[in-house]
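Asker: Okay, so the sequence shown: first residue is 1 according to full-length UniProt numbering, each after it adds one.
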Amino acid sequence: MLLSKAATLAKRAALSWSELAPLAASYVPPDQATGPTHSQALVRTFGQPEASVRVTLFRDNHAWCPYCQKVWLWLEEKRVPYRIAKVTMFCYGQKEDWYKRIVPSGMLPAAEIDGRIVTESDVILEKLEAAFGPLGEPLAVIMPQRRLERQLFGAWCEWLCYPSSSAAEEATKQRAFEEVLARMEKELGATPGPWIRGGEQLSTADLVFVPYVERMGASLYYYKGFTMCDRTARPALCRWWDALEARETYRGTQSDFHTHVHDLPPQMGGCYPNGSPTQRANTARVDAGPSRHRSSRAEAAFRESVIGSNPCATPVVVDEALRCALTLLLTE
1 MLLSKAATLA
11 KRAALSWSEL
21 APLAASYVPP
31 DQATGPTHSQ
41 ALVRTFGQPE
51 ASVRVTLFRD
61 NHAWCPYCQK
71 VWLWLEEKRV
81 PYRIAKVTMF
91 CYGQKEDWYK
101 RIVPSGMLPA
111 AEIDGRIVTE
121 SDVILEKLEA
131 AFGPLGEPLA
141 VIMPQRRLER
151 QLFGAWCEWL
161 CYPSSSAAEE
171 ATKQRAFEEV
181 LARMEKELGA
191 TPGPWIRGGE
201 QLSTADLVFV
211 PYVERMGASL
221 YYYKGFTMCD
231 RTARPALCRW
241 WDALEARETY
251 RGTQSDFHTH
261 VHDLPPQMGG
271 CYPNGSPTQR
281 ANTARVDAGP
291 SRHRSSRAEA
301 AFRESVIGSN
311 PCATPVVVDE
321 ALRCALTLLL
331 TE
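1. Mapping DSSP to helix, strand and coil, what is M1?
2. Does the structure place the segment 101-114 close enough to the segment 267-284 that three or more beta carbon pairs sit under 8 Å?
3. Thinking C-beta only, is D114 closer than 8 Å to R54?
4. Per DSSP, what kind of secondary structure is V71 in: helix, strand or coil?
5. Given a cut-off of 8 Å on the beta-carbon distance, is the pair T37 and E248 in contact?
6. Quick one: measure Cβ to Cβ for K70 and L207, integer angstroms, because I've assumed they're closer than 8 Å.
7. Is N61 buried or exposed, if buried means 16 or more other CB atoms sit within 10 Å of its CB?
8. Select from E137, W64 and L57 the residue whose C-alpha is nearest the C-alpha of W72.
9. Go ahead and pull the three-state DSSP assignment for Y82.
10. Just tell me which of T191, A110 and F226 has its CA closest to the CA of K127.
11. Look up D31 in the DSSP assignment and say whether it is helix, strand or coil.
12. Can you find the residues in the same chain that come closer than 8 Å, C-beta to C-beta, to N282, ignoring five residues on each side of it along the sequence?
13. Going straight from the alpha carbon of D287 to that of L328, what length do you get?
14. Would you kindly work out how many angstroms separate the C-alpha atoms of S39 and W156, rounded to a whole number?
15. Who are the Cβ neighbours of M216 in its own chain at under 7 Å, not counting the five residues just before and after it?
16. Mind checking which residues open and close the beta strand (DSSP E) that includes V55?
17. Count the other CB atoms within 10 Å of the CB of C65; is the residue buried (16 or more) or exposed (fewer)?
18. Does the Cβ-Cβ distance between P266 and Y92 come in under 8 Å?
19. Would you decide whether I124 is buried or exposed? Buried here means 16 or more other CB atoms lie within 10 Å of its CB.
20. What residue range is occupied by the uninterrupted beta strand (DSSP E) comprising R116?
21. Is the CB-CB distance between Q254 and R197 below 8 Å?
22. Measure how close the beta-carbons of T191 and L139 come, nearest whole angstrom, since I'm counting them as under 8 Å.
23. Look up I113 in the DSSP assignment and say whether it is helix, strand or coil.
24. Using the beta-carbon count (16 or more within 10 Å), is V28 buried or exposed?
25. Apply the 10 Å Cβ neighbour rule to I142 and answer buried if 16 or more other Cβ atoms are within range, or exposed otherwise.
26. For P163, which residues from the same chain have a beta carbon less than 6 Å from its beta carbon, with the 5 sequence-adjacent residues on both sides left out?
27. Please tell me whether L20 and C68 are closer than 8 Å, where the distance is taken between their beta carbons.
28. Could you compute how far the alpha carbon of P277 sits from the alpha carbon of V118?
29. Please classify K173 as buried or exposed, where buried requires at least 16 neighbouring CB atoms within 10 angstroms.
30. Could you have a look at V87 and say whether DSSP puts it in helix, strand or coil?
31. Does V180 come out as helix, strand or coil in the three-state DSSP assignment?
32. Suppose only complete runs of 4+ residues qualify. What are the alpha helix (DSSP H) ranges in the segment 181-264, listed by chain order?
33. If we ignore side chains and look at the alpha-carbon of each, how far apart do W241 and A233 end up?
34. To which residues of the same chain is G47 closer than 7 Å at the C-beta, ignoring the five residues directly before and after it?
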């Protein structure tokens with residue numbers, strides 16, 4: 001996706017600073033209640049009156065919880081108005097007293113649906129389906145895919161979260177994971193479209209895979225030197241992932257490799273690198289790679305400082321590169 005955007009940008013000249021200035025000055029942040037999926041939103045109305053909201057989603061503060069992501073993405077895809085209340089995950093700090101009064105176990109996610117508290121992500125989806133209709137086929141129909149996802153999860157945990165005593169044991173764990181992943185690839189390749197179980201639209205059958213497949217891709221790249229989205233070995237999985245990343249709803253809930261590989265160890269009880277040359281190179285690439293700029297407006301406003309502090313090239317080269325980047329960010 002990024003390569004195609006870069007190719008498009010290469011066909012036109014970068015805007016000048018005088019052309020970029022009004023774009024940066026006129027930028028209006030999207031409405032968090034009605035605009036694109038936003039991790040900092042506290043209410044999502046999708047243009048409906050706030051008084052009509054029947055659901056409150058209790059999720060973690062930083063959008064790190066995979067089970068919260070599943071429910072969150074379902075609500076976004078169905079465009080069901082909801083409020084958001086954020087709670088600390090056990091592995092990152094003290095659970096809030098107000099939340100323990102609502103959910104004594106402290107578990108996440110939870111949802112209040114028409115005044116009733118529901119816990120456990122699959123149960124929440126069942127109650128949401130009963131109240132608002134399913135997203136594609138209902139959860140009860142897609143249990144074969146749900147079981148496959150749990151088997152993939154188990155093989156991933158066995159490989160990632162338990163240290164191997166030998167290279168042979170490590171290879172056995174990898175083969176076990178790849179065998180289950182091959183079944184997912186076969187499932188995805190059985191239909192002409194990108195989605196699990198076919199059809200023209202993403203459904204709950206896809207959503208049950210999304211959170212942990214996202215985390216598997218990041219963690220196995222970083223800790224095992226393994227690339228899940230290999231377009232030669234797993235074209236159907238890559239087609240599915242491309243279709244997901246084309247959706248504004250998914251991108252609004254998606255995290256990045258660096259975040260996942262460092263937020264997972266406290267959640268999972270540990271993640272163990274295999275020490276291969278590829279793994280070490282991938283780890284360095286994730287940890288030391290360039291970060292994304294927070295604000296295009298700040299880059300434009302403080303361009304002299306940005307250009308002057310860059311040790312990699314002459315100011316003229318950095319100036320043009322920075323204008324190219326901001327042209328893409330401010331005009332796409």
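We put the CB at the ideal spot given by N, CA and C, even for glycine.
Answerer: Reading off the structure:
1. Start at 1 with the first residue of the sequence shown, and residue 1 comes out as number 1. With a pLDDT of 39 at M1, under the threshold of 50, the modelled position of this residue cannot be trusted, and the question is left open.
2. Contact fails: fewer than three Cβ-Cβ distances are below 8 Å.
3. As a first step, residue 54 must be located in the sequence shown, where it is residue number 54. As a first step, residue 114 must be located in the sequence shown, where it is residue number 114. Yes; because the gap between Cβ atoms is below 8 Å, this pair is in contact.
4. Counting from 1 along the sequence shown, the entry for residue 71 is found at position 71. In this structure, DSSP gives V71 a helical state, which the three-state scheme calls helix.
5. Stepping through the sequence shown from its first residue, residue 37 is reached at position 37. Stepping through the sequence shown from its first residue, residue 248 is reached at position 248. Contact: yes.
6. Locating residue 70 in the sequence shown gives position 70, counting from the first residue. Locating residue 207 in the sequence shown gives position 207, counting from the first residue. About 6 Å; that satisfies the 8 Å criterion.
7. Residue 61 sits at position 61 when you count from the first residue of the sequence shown. In summary, N61 is exposed, with fewer than 16 beta-carbon neighbours lying within 10 Å of its beta-carbon over all protein chains present.
8. Position 72 of the sequence shown, counted from the start, is the residue given in the question as residue 72. Residue L57 is the option with its Cα nearest to W72.
9. As a first step, residue 82 is located in the sequence shown; it is residue number 82 there, counting from the start. In this structure, Y82 counts as strand in the three-state DSSP scheme.
10. Start at 1 with the first residue of the sequence shown, and residue 127 comes out as number 127. Nearest of T191, A110 and F226 to K127, Cα basis: A110.
11. Against the sequence shown, residue 31 aligns to sequence position 31. Judged by DSSP in its simplified three-state form, D31 adopts coil rather than helix or strand.
12. Along the sequence shown, one-based indexing puts residue 282 at 282. Correct list, in chain order: Y221, Y222 and G225.
13. Position 287 of the sequence shown, counted from the start, is the residue given in the question as residue 287. Position 328 of the sequence shown, counted from the start, is the residue given in the question as residue 328. Cα-Cα distance, rounded: 25 Å.
14. Reading the sequence shown from its first residue, position 39 is the one you call residue 39. Reading the sequence shown from its first residue, position 156 is the one you call residue 156. So the alpha carbons of these two residues sit roughly 27 Å apart.
15. Counting from 1 along the sequence shown, the entry for residue 216 is found at position 216. Hits under 7 Å: W156 and M228.
16. Within the sequence shown, the letter at position 55 stands for residue 55. In the DSSP annotation of this structure, the continuous segment of the beta strand (DSSP E) that includes V55 starts and ends at V55 to D60.
17. On the sequence shown, position 65 is the one that residue 65 refers to. C65 counts as buried, since no fewer than 16 other beta carbons sit within 10 angstroms of its beta carbon.
18. Translated into positions along the sequence shown, residue 266 becomes position 266. Translated into positions along the sequence shown, residue 92 becomes position 92. Yes, they are a contact pair.
19. As a position in the sequence shown, residue 124 is number 124, starting the count at 1. It is buried - the Cβ of I124 has at least 16 other Cβ atoms within 10 Å.
20. If you number the sequence shown from 1, residue 116 lands on position 116. That run of the beta strand (DSSP E) goes R116 to T119.
21. Here residue 254 corresponds to residue number 254 of the sequence shown, with the count starting at 1. Here residue 197 corresponds to residue number 197 of the sequence shown, with the count starting at 1. Going by C-beta atoms, Q254 is not nearer than 8 Å to R197.
22. Sequence index remark: in the sequence shown, residue 191 carries index 191 (1-based). Sequence index remark: in the sequence shown, residue 139 carries index 139 (1-based). The C-beta distance from T191 to L139 rounds to 20 Å, too long to meet the 8 Å contact threshold.
23. Here residue 113 refers to the residue found at position 113 when the sequence shown is read from its first residue. In the structure shown, I113 sits in a strand (DSSP, three-state: E or B).
24. What you label residue 28 is simply residue 28 of the sequence shown in a count that begins at 1. Its Cβ having fewer than 16 others within 10 Å, V28 is exposed.
25. The residue given as residue 142 occupies position 142 in the sequence shown. Flag for I142 reads buried.
26. Here residue 163 corresponds to residue number 163 of the sequence shown, with the count starting at 1. Counting only Cβ-Cβ distances below 6 Å, and skipping sequence neighbours, we find Y272.
27. Here the question's residue 20 lines up with position 20 in the sequence shown. Here the question's residue 68 lines up with position 68 in the sequence shown. No, the pair does not count as a contact, with Cβ atoms beyond the cut-off.
28. Along the sequence shown, read from residue 1 onward, the residue named residue 277 stands at position 277. Along the sequence shown, read from residue 1 onward, the residue named residue 118 stands at position 118. Their Cα atoms are separated by approximately 46 Å.
29. In the sequence shown, the residue the question calls residue 173 occupies position 173. With 16 or more neighbouring CB atoms inside 10 Å of its own CB, K173 falls in the buried class.
30. One-based indexing of the sequence shown puts residue 87 at position 87. V87: strand per DSSP, three-state reduction.
31. One-based indexing of the sequence shown puts residue 180 at position 180. In the displayed model, V180 falls within a helix according to three-state DSSP.
32. 204-207, 210-224, 235-245 and 248-253, all fully within the segment 181-264.
33. Within the sequence shown, the letter at position 241 stands for residue 241. Within the sequence shown, the letter at position 233 stands for residue 233. Approximately 14 Å, taken between the alpha carbons.
34. Indexing the sequence shown from 1 puts residue 47 at position 47. The residues are T34.
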